[in-house]
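Comments concern the structure below.
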Ligand code: NAD
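Numbering (the numbering used here), first residue to last: 1 to 373.
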């Protein structure tokens with residue numbers, strides 16, 4: 001029997017309509033001055049801010065609605081200064097992975113000195129738990145509401161490094177699938193594919209354990225069965241199941257990270273402006289084919305769960321799901337040129353690439369890029 005450990009300090013409330021419990025959660029954490037971190041535009045446009053103001057009546061709420069997709073060092077540092085100036089005592093991260101990651105970073109910087117850059121560049125390490133954090137996801141993809149990860153765009157390095165000190169686990173994740181119903185089609189498709197990628201990476205990671213694999217299996221099944229209808233029909237069941245898929249893969253990933261696909265996505269997002277989930281998914285079918293021979297036994301269990309005959313059919317099914325969701329499946333369509341492959345291969349190797357079940361070299365990545373060109 002393999003030895004393993006698992007850690008999940010975040011308290012979780014999951015369920016349709018539970019957004020209204022935010023006041024109860026804030027009171028439990030004794031928050032009086034709230035610093036709300038959210039993305040530009042959408043929170044106001046879809047009425048989230050009005051609802052929050054109503055639920056949090058009587059408390060001081062400072063709104064920092066400045067978070068861009070793939071939040072930058074500058075945006076986080078500016079938010080951290082503003083949070084300090086307002087002497088806030090609790091941070092709420094409302095949005096997709098970008099807003100929740102920025103919220104976690106801003107909360108950390110209230111009790112740890114310096115710029116977030118210094119932590120990303122490993123010049124400093126997190127020494128103290130930051131302000132209490134409540135995460136409220138509005139996309140179904142990253143699972144950031146339950147992870148210690150903070151992924152930040154580092155312009156000088158043209159990279160998206162992450163930090164993951166255990167102190168950065170949010171205190172409470174309030175997951176209300178109803179909050180995701182305003183996602184435009186492309187955001188629902190891209191973030192849902194991110195959840196699927198994370199789960200497949202969790203399924204085959206060399207860092208996996210029985211808990212993470214159970215979560216990964218469940219997520220893959222939920223995503224394969226619900227993503228299409230969550231995007232097209234937006235019915236309550238499939239939307240809830242995608243929120244659950246994203247959440248479960250967040251719990252899984254919080255303990256073991258990703259493997260080869262997430263690092264590969266970063267140059268595609270940074271250089272060609274492709275949304276995070278699409279940038280991951282474009283590699284998924286080919287990396288399934290690449291890894292299939294290395295994990296025959298484990299694939300047998302997954303294929304039985306999905307009722308599929310072999311990994312090739314699984315890869316084809318992912319391909320056809322991506323076509324239906326209008327996700328890009330060819331690098332050439334994104335403006336990638338063949339001469340870009342070596343750069344993608346170099347920058348697309350991260351720490352977690354080593355956790356791929358089959359060793360992956362820069363030459364392998366170039367070959368994968370050729371196959372999906
Ligand atoms: P996102 O947060 O960047 O949001 C995408 C777009 O959708 C934004 O324009 C946002 O304003 C909009 N949006 C969000 N929710 C909406 C809603 N309900 N209605 C209408 N519009 C809405 O996208 P994401 O994919 O959730 O997050 C991606 C980021 O998360 C990347 O930076 C990625 O690297 C990071 N990430 C973090 C983790 C982690 O564990 N911390 C894991 C995976 C990815």
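Yeah, the Cβ is synthetic: ideal placement off N, Cα and C, and Gly gets one too. Since we're looking at a predicted model, the values are computed, not measured.
Closest by C-alpha distance to residue 53, when choosing among 86, 67, 92 and 73
Numbered from its first residue, the chain shown carries residue 53 at position 53. Ranking the options by Cα distance to residue 53, first place goes to 92.
Quick test of the definition: if touching needs 3 or more C-beta pairs under 8 angstroms, does the region 40-48 touch the region 198-216?
no
When we look at the beta-carbon of residue 281 and count the other beta-carbons within 10 Å, is it buried (16 or more) or exposed?
Numbered from its first residue, the chain shown carries residue 281 at position 281. That one is buried.
Entirely within the region 273-346 and at least 4 residues each: give me those alpha helix (DSSP H) ranges in chain order.
276-281, 284-292, 296-306 and 311-324
Any idea which residues DSSP pairs residue 11 with across the strands?
As a position in the chain shown, residue 11 is number 11, starting the count at 1. Paired residue(s): 172.
Just to confirm, is the Cβ distance from residue 67 to residue 99 under 7 angstroms?
By one-based count along the chain shown, residue 67 stands at place 67. By one-based count along the chain shown, residue 99 stands at place 99. Result yes, Cβ atoms of residue 67 and residue 99 sit closer than 7 angstroms.
Just the Cα atoms here: how many angstroms apart are residue 247 and residue 220?
As a first step, residue 247 must be located in the chain shown, where it is residue number 247. As a first step, residue 220 must be located in the chain shown, where it is residue number 220. Going from the Cα of residue 247 to the Cα of residue 220 covers about 12 angstroms.
The ligand NAD and residue 185: does the residue's C-beta get closer than 6 angstroms to at least one heavy atom of that ligand?
Walking along the chain shown from the start, residue 185 turns up at place 185. Incorrect: residue 185 has no Cβ contact closer than 6 angstroms to the ligand NAD.
Can we say the region 343-353 touches the region 234-252, given the rule of at least three CB pairs closer than 8 angstroms?
no
Do residue 240 and residue 177 have their C-beta atoms within less than 7 angstroms of each other?
Along the chain shown, one-based indexing puts residue 240 at 240. Along the chain shown, one-based indexing puts residue 177 at 177. Yes, Cβ-Cβ distance for residue 240 and residue 177 is below 7 angstroms.
So if DSSP puts residue 95 in a beta bridge, which residue, or which two residues, is it bridged to?
Here the question's residue 95 lines up with position 95 in the chain shown. In the DSSP output, where bridge partners are listed per residue, residue 95 has 137.
At 3 residues or longer, what runs of the beta strand (DSSP E) sit wholly inside the region 63-127?
90-95
7 angstroms CB neighbourhood of residue 229 in its chain, flanking five on each side removed:
Along the chain shown, one-based indexing puts residue 229 at 229. Only 235 and 238 meet the Cβ criterion.
Does the region 84-91 come into contact with the region 284-300, if we say contact requires no fewer than three beta-carbon pairs (one atom in each stretch) closer than 8 angstroms?
no
Rounded to whole angstroms, what's the CA-CA distance from residue 102 to residue 300? Just pull it up for me.
Taking the chain shown and counting its residues from 1, one reaches residue 102 at position 102. Taking the chain shown and counting its residues from 1, one reaches residue 300 at position 300. Cα to Cα, the separation comes out at about 39 angstroms.
List the residues that DSSP assigns as beta-bridge partners of residue 246.
Reading the chain shown from its first residue, position 246 is the one you call residue 246. None, per the DSSP bridge assignment.
Please go through the same chain and pick out, in chain order, the residues whose beta-carbon is closer than 7 angstroms to the beta-carbon of residue 147, but skip the five residues on each side of it.
Stepping through the chain shown from its first residue, residue 147 is reached at position 147. Hits under 7 angstroms: 250, 253 and 254.
In the structure shown, what three-state DSSP assignment does residue 30 receive?
Position 30 of the chain shown, counting from 1, holds the residue named residue 30. Coil.
Taking 6 angstroms as the cut-off, is the C-beta of residue 98 nearer than that to any heavy atom in the ligand NAD?
Start at 1 with the first residue of the chain shown, and residue 98 comes out as number 98. For the ligand NAD, at least one heavy atom lies less than 6 angstroms from the Cβ of residue 98.
Within 8 angstroms, do at least three Cβ pairs link the region 154-164 to the region 178-194?
no
For the ligand NAD, any of its heavy atoms closer than 6 angstroms to the Cβ of residue 340?
Position 340 of the chain shown holds residue 340. Because no heavy atom of the ligand NAD lies under 6 angstroms away, the Cβ of residue 340 does not count as near it: no.
If you measure from the CB of residue 69, is any heavy atom of the ligand NAD nearer than 6 angstroms?
Stepping through the chain shown from its first residue, residue 69 is reached at position 69. Residue 69: yes, Cβ under 6 angstroms from the ligand NAD.
By Cβ distance below 8 angstroms, which residues in the same chain neighbour residue 342 in space, the five residues on each side in sequence not counted?
Counted from its first residue, the chain shown places residue 342 at position 342. Correct list, in chain order: 362 and 366.
Opening and closing residue of the alpha helix (DSSP H) in which residue 233 lies
For the purposes of this step, residue 233 is taken as the residue at position 233 of the chain shown. Where residue 233 is concerned, there is no enclosing alpha helix (DSSP H), given that its DSSP letter is neither H nor E.
Assuming residue 191 is part of the alpha helix (DSSP H), what are its boundary residues?
Within the chain shown, residue 191 is the residue found at index 191, counting from 1. From DSSP, the alpha helix (DSSP H) with residue 191 extends over 185-204.
Regarding residue 42 and the ligand NAD, is the C-beta to nearest heavy atom distance less than 6 angstroms?
Working through the chain shown from its first residue, we reach residue 42 at position 42. For the ligand NAD, at least one heavy atom lies less than 6 angstroms from the Cβ of residue 42.
Counted within 10 angstroms of its Cβ, other Cβ atoms place residue 323 as buried (16 or more) or exposed:
By one-based count along the chain shown, residue 323 stands at place 323. Exposed.
Which residues share a DSSP beta bridge with residue 35?
Counted from its first residue, the chain shown places residue 35 at position 35. In DSSP, residue 35 forms a bridge with 62 and 91.
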